[in-house]
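A.B. asks: Below is one structure. I have some questions about it.
Protein chains: 2
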Amino acid sequence: MIRLNEAADFLLAKDRFVILSHNYPDGDTLGSSTALCRGLQKLGKHAMIRCSDEIGAKYRYLFEGVTPEDFTPETVVAVDIADTALFGEPLLSLYGEKVDLCIDHHPSNTGYAARSYVDPKAAATCEIIFDLLRLLGVELDVFLAASLYTGITTDTGGFKYTNVTPRTYRIAADLVETGCDAPGINRSMFDTKSRAHMELERRVMDTMEYSHNDRIAVVSVTQQMIRETGATEDDMDGISSIPRQVEDVLVGITVRERAEGGYKISLRAQRPVNASEICAKFGGGGHPGAAGCTLQTTLEEAKAQVVAAASAYLKQLNL
Amino acid sequence: MIRLNEAADFLLAKDRFVILSHNYPDGDTLGSSTALCRGLQKLGKHAMIRCSDEIGAKYRYLFEGVTPEDFTPETVVAVDIADTALFGEPLLSLYGEKVDLCIDHHPSNTGYAARSYVDPKAAATCEIIFDLLRLLGVELDVFLAASLYTGITTDTGGFKYTNVTPRTYRIAADLVETGCDAPGINRSMFDTKSRAHMELERRVMDTMEYSHNDRIAVVSVTQQMIRETGATEDDMDGISSIPRQVEDVLVGITVRERAEGGYKISLRAQRPVNASEICAKFGGGGHPGAAGCTLQTTLEEAKAQVVAAASAYLKQLNL
Chain A
6 MIRLNEAADF LLAKDRFVIL SHNYPDGDTL GSSTALCRGL QKLGKHAMIR
56 CSDEIGAKYR YLFEGVTPED FTPETVVAVD IADTALFGEP LLSLYGEKVD
106 LCIDHHPSNT GYAARSYVDP KAAATCEIIF DLLRLLGVEL DVFLAASLYT
156 GITTDTGGFK YTNVTPRTYR IAADLVETGC DAPGINRSMF DTKSRAHMEL
206 ERRVMDTMEY SHNDRIAVVS VTQQMIRETG ATEDDMDGIS SIPRQVEDVL
256 VGITVRERAE GGYKISLRAQ RPVNASEICA KFGGGGHPGA AGCTLQTTLE
306 EAKAQVVAAA SAYLKQLNL
Chain B
6 MIRLNEAADF LLAKDRFVIL SHNYPDGDTL GSSTALCRGL QKLGKHAMIR
56 CSDEIGAKYR YLFEGVTPED FTPETVVAVD IADTALFGEP LLSLYGEKVD
106 LCIDHHPSNT GYAARSYVDP KAAATCEIIF DLLRLLGVEL DVFLAASLYT
156 GITTDTGGFK YTNVTPRTYR IAADLVETGC DAPGINRSMF DTKSRAHMEL
206 ERRVMDTMEY SHNDRIAVVS VTQQMIRETG ATEDDMDGIS SIPRQVEDVL
256 VGITVRERAE GGYKISLRAQ RPVNASEICA KFGGGGHPGA AGCTLQTTLE
306 EAKAQVVAAA SAYLKQLNL
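Just so you know, the protein sequences line up as chains A and B, in that order.
Taking the numbering used here, the leading residue of the first sequence gets 6, the next gets one more, and so forth.
Taking the numbering used here, the leading residue of the second sequence gets 6, the next gets one more, and so forth.
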């Protein structure tokens, strides 16, 4: 573990950067890489961004402030990547053993890089990049702000999760002061749904069943629904939070049929229920609020088993 | 119009306050009244809150920091009330002509009070109360913070609307620094839906129709749906934002059957479309992003007329 000013000194001493984002890229890894890339370019350095997966259309605006460059990289920086397993291919083969610097906020960071700065108290890696740019002497501008705001708002669910700190709000204040279009970013990240998503959501809501005195709600997503709505992986975003949103529901369960067979269970829980303890019974895991596991059985059997486990858990707590 | 320090001096000079919230009370009017009431009580003054309508269960926690008192009021303060028409009964008869001080952020404030402080740049009246409490010498605590945070997050749609300023975030930072449960407040304000709401949403989504090359989406809500789901006025929250959420939709229209006959139209628009210009054709009005009107006709005819007007509007803009 190095300190953040050491990370800044390292970046100032080096050039020809390739900045890596994790696979299935999200707002924080792309916000971090685009902000750092622009920051380094503003310092007159050469920098480019690489990701093993395609960047979704909704993230394209993040690249408006980045100048595309092509060169042979000398310095490898990974942002928001906890583990080389998240590099995906081809990045894992190309850079897995060659990361010079990693900047991250995941407590699970494996320390795979030659030097790492990991701050688990940061709500988003973009919070760290905000500080890092200041240490690099890069002045905030509307492009940097749009990137950093995107990472912060997406990793906090729009300032709603428990990882938000006073600092998160103070950084957001500085970012919107540049005039970046925060309402537009929030709208496109949170309030825009594809027609396929809308249609899938409607069908999923049709499957809602309640049990344990309405404290448990369960929905299912079948391959047929996915096929018929034309939903992609992106369209699945937010589906698993539907059952937990119902008033009085403590455990929301989404049972999703996998293309390769079996069922993926996503469990969302309200305090005092710990979702990961319920999923652990099926060999799964996660966080207290959100956890998952996989069951090799029929849809009806999968629903019945998980509901029974959740119900037994609630009974233990006298709920 | 007085200055905010004059409002503070007025409050410091007076006692026995009744603080009025508007009818159909929301998070900002209740956050403002509970914070101001607690603030005045902390100064050793007598203060109580009155509202013409019942306070919804989800707002009860706002009153945890307020001591219930009963006395004959001497000083009448209205918070977040733009017009005496929003007092409702019995408050209008009791206090309509007797308001000593009004604190508000609505540009449409009619100036009905003996003295008014109106700041339209404040995203929420709670932003003004935050400053006012400081001028009164009241120290922030977790109860005040929960009230003020509630008003700010609800009036900004969870920090998503265009009314959010750097100041909004900076105030939020100070509020969460007290340790108030901002994630819990956001969850109960935004991520919790009654079963009736969930069921209504499902049925409304079943009525979605697209036109004008998918740039217009229209849904309907009938009295039968409301009856069969047991939905209340509270359960209607957010329903009109459903059609506009669909990707590429510029105009989202909700046609809602009224109990007294006819149809209430809620129109939500994305830039560059101005929703209020479309509604003006039917004698309605509102803001660029959200507007409404009423039509005395059948459901099919109402949908057809509004869709035709929206389509003509889009054509004019070459959209």
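From the three backbone atoms N, C-alpha and C, an ideal C-beta is built for every residue, glycine too.
1) Taking 9 Å as the threshold (C-beta atoms), are A/E252 and B/S225 in contact?
2) Can you check the stretch 74-139 of chain B for any beta strand (DSSP E) of at least 3 residues that lies completely inside it and give the ranges in chain order?
3) When the cut-off is 9 Å and only beta carbons count, does B/G142 lie next to chain A?
4) Using a C-beta cutoff of 9 Å, does B/G235 count as contacting chain A?
5) Between B/A274 and B/V256, is the Cβ-Cβ spacing less than 9 Å?
6) Counting only Cβ pairs nearer than 9 Å, list the residues of chain A close to B/V181.
7) Distance check for B/L106 and B/R8, CA to CA, integer angstroms please.
8) With a threshold of 7 Å on Cβ separation, who are the neighbours of A/A148 within its own chain once the five nearest residues in sequence on each side are excluded?
9) Counting only the same chain and skipping the five closest in sequence on each side, list residues whose C-beta sits under 7 Å from that of A/L91.
10) Taking A/S245 as the query, report the chain B residues whose CB atoms sit under 8 Å from its CB, ordered along the chain.
11) Suppose contacts are defined by Cβ-Cβ distances below 9 Å. Is B/S316 in contact with B/A296 by that definition?
12) Between B/G291 and B/T155, is the Cβ-Cβ spacing less than 9 Å?
13) Taking A/R200 as the query, report the chain B residues whose CB atoms sit under 7 Å from its CB, ordered along the chain.
14) Considering only C-alpha positions, which residue in the set B/E144, B/V209, B/P125, B/S37 is nearest to B/N168?
15) For B/G291 and chain A, any beta-carbon pair shorter than 9 Å?
16) Helix, strand or coil: which one does DSSP assign to B/I157?
17) Quick check on the DSSP output: the beta strand (DSSP E) that includes A/M213 runs from which residue to which?
18) Between B/Y166 and chain A, is the shortest Cβ-Cβ distance under 9 Å, so that the two count as touching?
19) Per DSSP, which one or two residues make a beta bridge with A/T299?
20) So which residues on chain B does A/A127 lean against when the C-beta distance must stay under 8 Å?
21) DSSP on B/G290, reduced to helix/strand/coil?
22) Check A/S37 in the structure and name its three-state DSSP category.
23) Please name the residue in A/E214, A/G49, A/S246 whose C-alpha comes closest to that of A/T72.
24) For the stretch 257-275 of chain A, enumerate the residues whose C-beta is nearer than 9 Å to any C-beta of chain B, in chain order.
25) If you follow the beta strand (DSSP E) that B/V251 is in, where does it begin and where does it stop?
26) Check the Cβ of B/D211 against every Cβ in chain A and list those closer than 8 Å, keeping chain order.
27) Could one say the Cβ of B/T303 lies closer than 9 Å to chain A's Cβ atoms, at least one of them?
28) For the ligand NAP, any of its heavy atoms closer than 8 Å to the Cβ of B/T130?
29) Alpha carbon to alpha carbon, how far is A/V278 from B/D179?
30) List the DSSP bridge partners of B/V23.
31) With DSSP as the reference, identify every bridge partner of A/I7, one or two as the case may be.
32) Taking 9 Å as the CB-CB cut-off, is A/G163 touching chain B?
33) I think A/Y117 touches A/M6, with their Cβ atoms under 8 Å apart; what is that distance to the nearest whole Å?
34) For a contact defined as C-beta to C-beta under 9 Å, what are the partners of B/N218 on chain A?
35) Look up A/I60 in the DSSP assignment and say whether it is helix, strand or coil.
36) Taking contact to mean at least 3 C-beta pairs separated by less than 8 Å, is the stretch 55-62 of chain A in contact with the stretch 157-166 of chain A?
C.D. replies: Short version:
1) no
2) 80-84, 106-109, 120-123
3) no
4) no
5) yes
6) V169, T170, P171, T173, Y174
7) 12 Å
8) The identity of residue 148 of chain A in the sequence shown is Phe, whereas the question assumes Ala. For A/F148, where only same-chain residues beyond five positions count, the Cβ hits under 7 Å are R43, E69, G70.
9) H27, N28.
10) Correct list: empty, because the minimum Cβ distance to chain B is about 13 Å.
11) no
12) no
13) Chain-order list of chain B residues neighbouring A/R200: V251, E252, by C-beta distance under 7 Å.
14) B/P125
15) Cβ-Cβ to chain A under 9 Å: no for B/G291.
16) Under the three-state reduction of DSSP output, B/I157 falls in the helix class.
17) Segment: none, A/M213 is in no beta strand (DSSP E) and carries neither H nor E.
18) yes
19) According to DSSP, which records beta bridges pairwise, A/T299 is partnered with A/K269.
20) Neighbours of A/A127 on chain B: none; closest Cβ ~15 Å, over 8 Å.
21) strand
22) helix
23) A/G49
24) Q275
25) Looking at the DSSP string, B/V251 is not in any beta strand (DSSP E), and its letter there is neither H nor E.
26) R207
27) no
28) Of ligands this structure carries none, so the ligand NAP is not represented either.
29) 30 Å
30) B/M53, B/V81
31) A/I7 is not bridged to any residue.
32) yes
33) About 13 Å separates the two Cβ atoms, so there is no contact after all.
34) By Cβ distance, chain A contributes nothing, its closest Cβ being about 13 Å from B/N218, past 9 Å.
35) In the three-state DSSP reduction, A/I60 falls in the coil class, being neither helix nor strand.
36) no
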